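A.B. asks: The structure under discussion is supplied below as structure tokens; questions concerning it will follow.
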Amino acid sequence: MAGLVVGFIVGMTGVGGGSLMTPILLWFGIPPTTAVGTDLLYAAFTKMGGIYVHHKKQNINWSITGWLSLGSVPAALLTLWILHSIKTDVTALNDIIKYGLGWALILTSIAILFKKKLLILSQKHAGNKFHSESKTRNLLTVAIGILLGATVTLTSIGAGALGTVTLFFLYPLLATPRLVGTEIAHAVPLTLVAGLGHASMGNLDLGLLGQLLLGSLPGIYFGSMLSGKVPDLFLRNAIAIMLFMVGYKLLF
Numbered sequence: 215m216a217g218l219v220v221g222f223i224v225g226m227t228g229v230g231g232g233s234l235m236t237p238i239l240l241w242f243g244i245p246p247t248t249a250v251g252t253d254l255l256y257a258a259f260t261k262m263g264g265i266y267v268h269h270k271k272q273n274i275n276w277s278i279t280g281w282l283s284l285g286s287v288p289a290a291l292l293t294l295w296i297l298h299s300i301k302t303d304v305t306a307l308n309d310i311i312k313y314g315l316g317w318a319l320i321l322t323s324i325a326i327l328f329k330k331k332l333l334i335l336s337q338k339h340a341g342n343k344f345h346s347e348s349k350t351r352n353l354l355t356v357a358i359g360i361l362l363g364a365t366v367t368l369t370s371i372g373a374g375a376l377g378t379v380t381l382f383f384l385y386p387l388l389a390t391p392r393l394v395g396t397e398i399a400h401a402v403p404l405t406l407v408a409g410l411g412h413a414s415m416g417n418l419d420l421g422l423l424g425q426l427l428l429g430s431l432p433g434i435y436f437g438s439m440l441s442g443k444v445p446d447l448f449l450r451n452a453i454a455i456m457l458f459m460v461g462y463k464l465l466f
């Protein structure tokens, strides 16, 4: 049921994969390490279908995806190595991940709430000299990839909402469907690498993953069919407020 509901919301709004699923898994009493590892592979499998659809619609800028992955995949591997090397008990590791989750959820909620305003602001500065200097922009895209790689590996949150918002500023003239398609294409290798890394550390519940996918795949399909029929702003704001409250509860 959780997979079905989250899949439906993601299909309808494009928001909420990891940021909704991980808190739900914590609420079910699943340890943070297992919740993050399972959610990462859940995200990788559900977004693979998204790549196929967006590629057919020519909504993916593979060059931007490449620059992002150049930063995010090594950052994910480094974060996994640090998590594996920390000679600490599982309780302490769960606390670290819980704290990281709290901040990631709060940042994601802010990104969702102010998405439209941020897009307008970025388009206003689209003619700036900075946007025509591809070398600087490529380096900044790699830097964003590094930031996303570490955040997503630690918390399983941020690939969608945070990634799209940061890309607004670097590529303000890129159409929104292409921004979303590019971010989905980048999220798949990142969540796959991070998810497999967590699985190798024992942070995966295969039975749970299967159940989530069983619900989410039809959920995403029906949500996509209803996309645009329900006021988007109402749904996004409701999700953002809920994520902020969950993040606040995890932190304080």
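With the sequence shown counted from 1, adding 214 to any position gets you my numbering. Ideal placement from N, C-alpha and C gives every residue a C-beta, glycine not left out. Quantities reported herein were computed from a predicted structural model and do not represent experimental measurements.
Classify Y256 as helix, strand or coil using the three-state DSSP reduction.
C.D. replies: helix
A.B. asks: Over the uninterrupted alpha helix (DSSP H) stretch that includes Y313, give me the two end residues.
C.D. replies: V304 to L327
A.B. asks: Which parts of the stretch 365–430 are runs of the alpha helix (DSSP H), unbroken and 4 residues or longer, counting only runs that do not cross its ends?
C.D. replies: The stretch 365–430 contains these whole alpha helix (DSSP H) runs: 375–384 and 390–414.
A.B. asks: Count the other CB atoms within 10 Å of the CB of G416; is the residue buried (16 or more) or exposed (fewer)?
C.D. replies: exposed
A.B. asks: According to DSSP, simplified to helix, strand and coil, what is M262?
C.D. replies: Reduced to three states, the DSSP call for M262 is helix.
A.B. asks: In or out: I326 buried (at least 16 other Cβ within 10 Å) or exposed?
C.D. replies: buried
A.B. asks: Excluding sequence positions up to five away, which residues of its chain have a Cβ less than 7 Å from the Cβ of A318?
C.D. replies: T365, T369, I371 and G372
A.B. asks: Between R183 and N275, how many whole angstroms is the CB-CB distance? I'm expecting something under 8 Å.
C.D. replies: Absent from the model: residue 183. The displayed extent of the chain is 215 to 466, so no value can be given.
A.B. asks: For the alpha helix (DSSP H) containing L235, name the first residue and the last one.
C.D. replies: Looking at the sequence shown, residue 235 is not Leu but Met. Taken as a continuous stretch (DSSP letters only), the alpha helix (DSSP H) holding M235 covers G231 to W241.
A.B. asks: Rounded to whole angstroms, what is the Cα-Cα separation between L297 and H268?
C.D. replies: 34 Å
A.B. asks: I want to know whether the stretch 236–251 touches the stretch 387–406 - three or more CB-CB distances under 8 Å.
C.D. replies: no
A.B. asks: Should the stretch 420–437 be called in touch with the stretch 282–300, which here means at least 3 C-beta pairs below 8 Å?
C.D. replies: no
A.B. asks: Roughly how many angstroms lie between the CA atoms of A408 and Y462, to the nearest whole one?
C.D. replies: 25 Å
A.B. asks: How should D253 be labelled, buried or exposed, when 16 other C-beta atoms within 10 angstroms of its C-beta is the threshold for buried?
C.D. replies: buried
A.B. asks: With DSSP as the reference, label Q272 as helix, strand or coil.
C.D. replies: coil
A.B. asks: Leaving aside the five residues before and after I358 along the sequence, list all residues of the same chain whose C-beta is less than 6 Å from its C-beta, in chain order.
C.D. replies: T380
A.B. asks: Compute the Euclidean distance between the alpha carbons of L353 and P288, then round it to the nearest angstrom.
C.D. replies: 15 Å
A.B. asks: Less than 8 Å between the beta carbons of G377 and M226, yes or no?
C.D. replies: Cβ atoms of G377 and M226: not closer than 8 Å.
A.B. asks: DSSP three-state call for M456: helix, strand or coil?
C.D. replies: helix
A.B. asks: Do P403 and L315 come within 8 Å of each other at the CB atom, strictly closer than that value?
C.D. replies: The answer is no: Cβ separation not under 8 Å.
A.B. asks: For I434, does the three-state DSSP call read helix, strand or coil?
C.D. replies: helix
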